[in-house]
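Student: Quick one: this structure, given as structure tokens, is what I'll be asking you about.
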Amino acid sequence: MKKRIFYIVIALIIGGISTLSAQKITNNLQGYFKASSDTAMYEYFTFDGNGRVDIMGMGNGYYFQKDDSLIVYPDKSIFKFVIKDDKLYGASDWVDGCVWEKVKDTTIETLRIDPLASDRIAGLLYQYYNIKSKGSELSLLFEGPDSSYERTIKNLCDSGLSKACLDYAGLKTLEDMGGITALYSSKKQMKKRAANQEIVDIIYRAIDLGDTNGYEVLGGYYAAIGDIQAARESFELGGELGCGKCSIALFSLELEEEARKLEKENKTAPAKKSAAKTK
């Protein structure tokens, strides 16, 4: 009887170890993967073996692997792939039905210096993925400040997940500007206002973790509170440091500024014409 119990315990332990091994979360995928056809929306993905992916030069995303599944966060959306024989098979919106094949004669700089630390971040991103899978972004936002969702995102940020820090900064920004209901209010938000140092510090937490996407979020925050000069400086610095999204954001900012100038000129032009007629 004792032997039987012993064998059962051993079997459970081995089974548990096998399950953990089969479900190892990592981000050790590395290399340049090029689309095998012209129909793919994204020409290539470059993985650095440390959780960051360059998406055809437009910006750095985040990724983790679980068994033969690959999850990529380009920004707010999500890409899902199946990894097989050095190929990525798209399995979600935006990438479905397309294949990306590893180009083996390319040299990719790896940032995987500490595999244990890298896989710890992959595990945090996996937790983030599970949280986001529980409900839509909008439904999670409606939970309000200090919700379990917000606390969990903060904990992931404090644990070292830069993407969670940027999400947490977004939640605090929304709270600072009046909450989710303010988005649907007919009243205009006050444009020019002082920066909330707590929000700025959260964004810099992501930047200090090596996430250049933080400069895009920082610039976006400054633009939202009406500090266009600070927004421009953040985008420019981020662009110099390799933030592809910052360059796009800077271009959009310049377009918006030009549109405002034209609108202002069009409003003052009729007034000048009326004044000329009265003379």
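So the number in our numbering is just where the residue sits in the sequence shown, counting from 1, plus 391.
For every residue, glycine included, the Cβ atom is placed at its ideal position computed from N, Cα and C.
1) Going along the chain, which residues of its own chain have a beta-carbon closer than 8 Å to the beta-carbon of I594, five neighbours each way excluded?
2) Who are the near neighbours of L632 in its chain, counting only those whose CB is closer than 8 Å to its CB and skipping five residues on each side?
3) Whole angstroms is fine: what's the gap from G569's alpha carbon to I590's?
4) Among the residues of its own chain, which have a CB less than 6 Å from the CB of G452, if the five just before and after it don't count?
5) Identify which residue in I499, D439, E492, Y517 has its Cα closest to the Cα of S427.
6) What residue range is occupied by the uninterrupted alpha helix (DSSP H) comprising K545?
7) Looking at Q421 and F438, is the spacing between their C-beta atoms short of 8 Å?
8) Excluding the 5 residues preceding and the 5 following A650 in the sequence, name in chain order all residues of the same chain whose CB lies nearer than 7 Å to its CB.
9) Rounded to the nearest angstrom, what separates K475 and G488 at their Cα positions?
10) DSSP puts R443 in a beta bridge; with which residues?
11) Are N351 and R503 touching if we call contact CB-CB under 8 Å?
12) Is it buried or exposed, N521, if we count other Cβ atoms within 10 angstroms and call 16 or more buried?
13) Does DSSP put S483 in a helix, in a strand, or in coil?
14) Between which two residues does the beta strand (DSSP E) carrying N422 extend?
15) With a threshold of 6 Å on Cβ separation, who are the neighbours of V490 within its own chain once the five nearest residues in sequence on each side are excluded?
16) Determine the contact status of I499 and Y433, defining contact as a CB-CB distance below 8 Å.
17) Output yes or no for whether 8 Å exceeds the beta carbon distance between K554 and Y519.
18) Which two residues bound the contiguous alpha helix (DSSP H) that contains E631?
19) So which of N657, L507, S638 has the shortest CA-CA distance to M449?
20) Write down the C-beta distance between V486 and F470 rounded to the nearest angstrom, noting that I regard them as a contact closer than 8 Å.
21) Quick check on K467: buried or exposed, where buried means 16 or more other Cβ atoms within 10 Å of its Cβ?
22) Measuring CA to CA, which of L507, E645, D496 is closest to G440?
23) Per DSSP, what kind of secondary structure is S524 in: helix, strand or coil?
24) Buried or exposed: Q456, going by 16 or more other Cβ atoms within 10 Å of its Cβ?
Tutor: For this structure:
1) Your numbering for residue 594 matches position 203 in the sequence shown. Apart from the 5 residues on each side of it in sequence, I594 sits with its Cβ closer than 8 Å to the Cβ of C556, L557, A560, G605, V608, L609, Y612 in its chain, given in chain order.
2) Walking along the sequence shown from the start, residue 632 turns up at place 241. Around L632: T603, Y606.
3) Position 178 of the sequence shown, counted from the start, is the residue given in the question as residue 569. Position 199 of the sequence shown, counted from the start, is the residue given in the question as residue 590. C-alpha of G569 to C-alpha of I590: approximately 15 Å in a straight line.
4) Position 61 of the sequence shown, counted from the start, is the residue given in the question as residue 452. Around G452: V444, I446, V463, Y464, P465.
5) As a working mapping, residue 427 is identified with position 36 in the sequence shown. Of the candidates I499, D439, E492, Y517, the residue whose Cα lies closest to the Cα of S427 is E492.
6) For this step, residue 545 is matched to residue 154 along the sequence shown. Segment 539-549, the alpha helix (DSSP H) holding K545.
7) Taking the first residue of the sequence shown as 1, we reach residue 438 at position 47. Taking the first residue of the sequence shown as 1, we reach residue 421 at position 30. Yes; because the gap between Cβ atoms is below 8 Å, this pair is in contact.
8) Within the sequence shown, residue 650 is the residue found at index 259, counting from 1. Same-chain partners within the cutoff: there are none.
9) Translated into the one-based positions of the sequence shown, residue 475 becomes position 84. Translated into the one-based positions of the sequence shown, residue 488 becomes position 97. Spanning the two alpha carbons is a distance of roughly 14 Å.
10) By 1-based counting over the sequence shown, the position of residue 443 is 52. According to DSSP, R443 bridges with Y453.
11) Nothing can be reported for residue 351, as the shown portion of the chain is limited to 392 through 670.
12) In the sequence shown, counting from the first residue as 1, residue 521 sits at position 130. Exposed.
13) As a working note, residue 483 is residue 92 in the sequence shown. Correct three-state label for S483: coil.
14) On the sequence shown, residue 422 is found 31 positions in, with the first residue counted as 1. The sequence given here places Gly at residue 422; Asn does not occur at that position. Segment 421-426, the beta strand (DSSP E) holding G422.
15) The residue you call residue 490 lines up with position 99 of the sequence shown. S427, K478, Y480.
16) Mapped onto the sequence shown, residue 499 falls at position 108. Mapped onto the sequence shown, residue 433 falls at position 42. Not a contact, by the Cβ cut-off of 8 Å.
17) As a working mapping, residue 554 is identified with position 163 in the sequence shown. As a working mapping, residue 519 is identified with position 128 in the sequence shown. Yes, Cβ-Cβ distance for K554 and Y519 is below 8 Å.
18) For the purposes of this step, residue 631 is identified with residue 240 of the sequence shown, where counting begins at 1. Where E631 is concerned, the enclosing alpha helix (DSSP H) stretches over 619-631.
19) One-based indexing of the sequence shown puts residue 449 at position 58. Residue S638 is the option with its Cα nearest to M449.
20) Stepping through the sequence shown from its first residue, residue 486 is reached at position 95. Stepping through the sequence shown from its first residue, residue 470 is reached at position 79. Yes, V486 and F470 are in contact; Cβ-Cβ is about 5 Å, under 8 Å.
21) On the sequence shown, residue 467 is found 76 positions in, with the first residue counted as 1. Per the 10 Å Cβ criterion, exposed.
22) Along the sequence shown, read from residue 1 onward, the residue named residue 440 stands at position 49. The residue with the shortest Cα to Cα distance from G440 is L507.
23) Translated into positions along the sequence shown, residue 524 becomes position 133. Looking at S524 - three-state DSSP - the assignment turns out to be coil, as it is neither helix nor strand.
24) As a position in the sequence shown, residue 456 is number 65, starting the count at 1. By the 10 Å Cβ count, Q456 comes out buried.
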